[in-house]
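> In the numbering used here, the protein residues as written are 0 to 214.
What follows is the structure, encoded as structure tokens:
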């Protein structure tokens with residue numbers, strides 16, 4: 000025996016199915032929209048003279064919590080130096096409230112000509128890829144060295160890890176650690192590395208990693 004369904008009932012059923020479909024699609028869309036992109040640590044590093052003094056990618060953006068590819072300072076009596084800047088790409092605004100800076104200063108008593116564009120600069124944290132002002136590394140046989148300092152503020156759960164090691168004469172890299180060891184810049188706790196590369200063998204290598212302290 001066939002049972003007929005009134006047209007009004009069919010219409011109500013169709014509306015219910017359509018509403019359920021829209022609800023499922025909306026939930027899927029909301030779920031996709033809630034996915035967050037990991038912030039990226041950016042390093043721009045390129046020569047303004049002899050390229051053998053500045054090894055590594057000229058520009059890189061590395062998602063947290065991975066390490067950036069090392070850059071290598073091997074400045075000496077060859078012409079020119081290395082231009083260097085940093086930035087953080089935070090497309091999902093997961094670092095809201097965080098501020099960061101990098102400073103480039105001559106060691107007291109050293110020849111300031113080795114440390115181009117000295118100052119303290121905001122390390123930009125933006126939804127697009129951008130780095131801050133360039134600093135210039137041009138250490139050589141002149142006396143003394145330059146200090147590069149990273150600092151964070153505004154968040155206690157974020158760290159910027161700094162690996163800095165020598166691949167030759169360690170006197171060129173004051174304060175270096177063995178490769179694989181690192182110091183962490185956190186709120187109120189900056190990290191400084193020093194560059195004194197010259198004609199001695201080898202150079203100094205730098206890697207960075209951005210992470211949450213509970214990662």
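Ideal placement from N, C-alpha and C gives every residue a C-beta, glycine not left out.
With C-beta atoms as the reference, is residue 85 less than 7 Å away from residue 101?
yes
> Looking at the structure shown, is residue 111 part of a helix, part of a strand, or coil, going by DSSP?
Looking at residue 111 - three-state DSSP - the assignment turns out to be helix.
> Determine the closest residue to residue 154 out of 72, 178 and 93, with distance taken between C-alpha atoms.
93
> For a test of your reading of the model: does the CB of residue 152 fall under 6 Å from any non-hydrogen atom of the ligand FAD? Yes or no.
Absence of the ligand FAD is noted for the structure shown, with no ligands found whatsoever.
> Excluding five sequence neighbours on each side, which residues of the same chain lie with their C-beta closer than 6 Å to the C-beta of residue 193?
144, 146, 173 and 174
> Could you check whether the segment 159 to 169 touches the segment 127 to 142, counting it as contact only if at least three pairs of C-beta atoms, one from each stretch, sit closer than 8 Å?
Contact between the segment 159 to 169 and the segment 127 to 142 is absent, because fewer than three Cβ pairs lie under 8 Å.
> Tell me the DSSP secondary structure of residue 52 in three-state form.
helix
> Which value, in whole angstroms, describes the spacing of the CA atoms of residue 79 and residue 45?
Rounded to the nearest angstrom, the two C-alpha atoms are 11 Å apart.
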